[in-house]
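Working notes, beginning with the structure itself.
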Amino acid sequence: RWVISRSGVTAKSVGVRFGAQFVGTDINEALHDPDVDLVMITPRHHLHAGMVLAALKTGKHVFVEKPLALNEEELALIEAFYFENSGEKPILMTGFNRRFSPPIQHIKKILDSTPGPMMVTYRMNAGYLPPSHWVHGPEGGGRNIGEACHIYDLFNYLVGAEPIECFATPLSHLPAGCRANENFVAVIKFSDGSVASLHYTSLGSIAHPKEQMNIYSGGITVSLNDYKEVVVHGGGLSGWSNSFQEKGQIDELERLAEAIHAPSMEENFIKHQFVATRTSFEVERFLKGEH
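Residue numbering for the sequence shown follows the numbering used here, beginning at 902 and increasing consecutively.
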């Protein structure tokens, strides 16, 4: 119905392309339109939290690209909206699409039928971004908060228990142009005894797969290769494969649509978004040497 952009020219161009009825440069115009049900928030990261809270307060459902927030103060305001107010509240979905992807759904079914804690190792070959890229600055919040939050949410989903302890360490003696919050190892311990680690780096070759994961639990090993293949060893369980990547972007939007038409988001879904975001802040403190 609306396209809002900082640039009126951009808003008009996109609006024409997608058949929007209205375009503008002030988000409040859309937020106070009673015919708007869902607001999709996709500007640079530093604008996310403020727009999310404004939209929620006008009763709109919200989809926001990750990250949900860049600091504790922003996150606390959004949490307060949900936990300090009674009554029915709008749906909030942060773009943590990995949990909705077909290969992860396949893995989740296997893990749910496997007893005991799990050991998870995730490797993200993130690729190099030049020091001048906006993600590194105050508009982006850095790559740990801005991108690795995806994986913290995925850990929460796969393990299904509360994270209780976190530790992170950056690479020492970084090459010129590389940063601690894009070359690090983060380890998270969960209340059921599970341990998950993220190895995140900008130093690798782009010829190597970007994302790989191994999970060890109850006598089985599950391996994910770049969201194209799942290989299972042990238990006589089958894997999964596809000729192209399926990271869950379409699947998360379908789930959002279902929830809007027939509210059915599980209670922990919104809480998980807060937990993953707060984990990224805790990791960032380690990477800055604040622990």
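Note that beta-carbon positions come from the ideal geometry of N, C-alpha and C, so glycine has one too.
In this structure, 903 is the residue among 933, 932, 903, 938 with its C-alpha nearest to the C-alpha of residue 924. A direct Cα-Cα distance of roughly 30 Å separates residue 956 from residue 1147. Straight-line spacing of the CA atoms in residue 1024 and residue 968 works out to 20 Å. In the DSSP secondary-structure assignment, residue 1113 is bridged to 1024, 1126. Residue 1107 sits exposed, since fewer than 16 C-beta atoms from the chains shown fall within 10 Å of its C-beta. In its chain, beyond the 5 residues on either side, 1130 have a beta carbon closer than 6 Å to the beta carbon of residue 1142.
Three or more pairs of CB atoms, one per stretch, sit closer than 8 Å, so the stretch 966-980 contacts the stretch 1173-1189. Here residue 1109 has 1026 as same chain residues with Cβ atoms under 7 Å from its own Cβ, once five neighbours each way along the sequence are excluded. Closest by C-alpha distance to residue 995, out of 1150, 984, 1044, is 1150. Within the same chain, 1001 come within 7 Å of residue 1156 by CB-CB distance, once the 5 residues on both sides are set aside. The distance from the Cβ of residue 1062 to that of residue 1013 is about 12 Å, inconsistent with a contact at the 8 Å cut-off. Unbroken beta strand (DSSP E) stretches of 3 residues or longer found wholly inside the stretch 1042-1108: 1064-1071, 1085-1091, 1096-1102, given in chain order. Short of 6 Å from the beta carbon of residue 1184, and not among the five residues preceding or following it, lie these beta carbons of its own chain, in chain order: 1045, 1069, 1087. Secondary structure note for residue 911: its alpha helix (DSSP H) is the uninterrupted segment 909-919.
For residue 993, the CB contacts under 6 Å within the same chain, skipping 5 residues up- and downstream, are 963, 1171 in chain order. At the C-beta level, residue 1103 and residue 1115 stay beyond 7 Å of one another.
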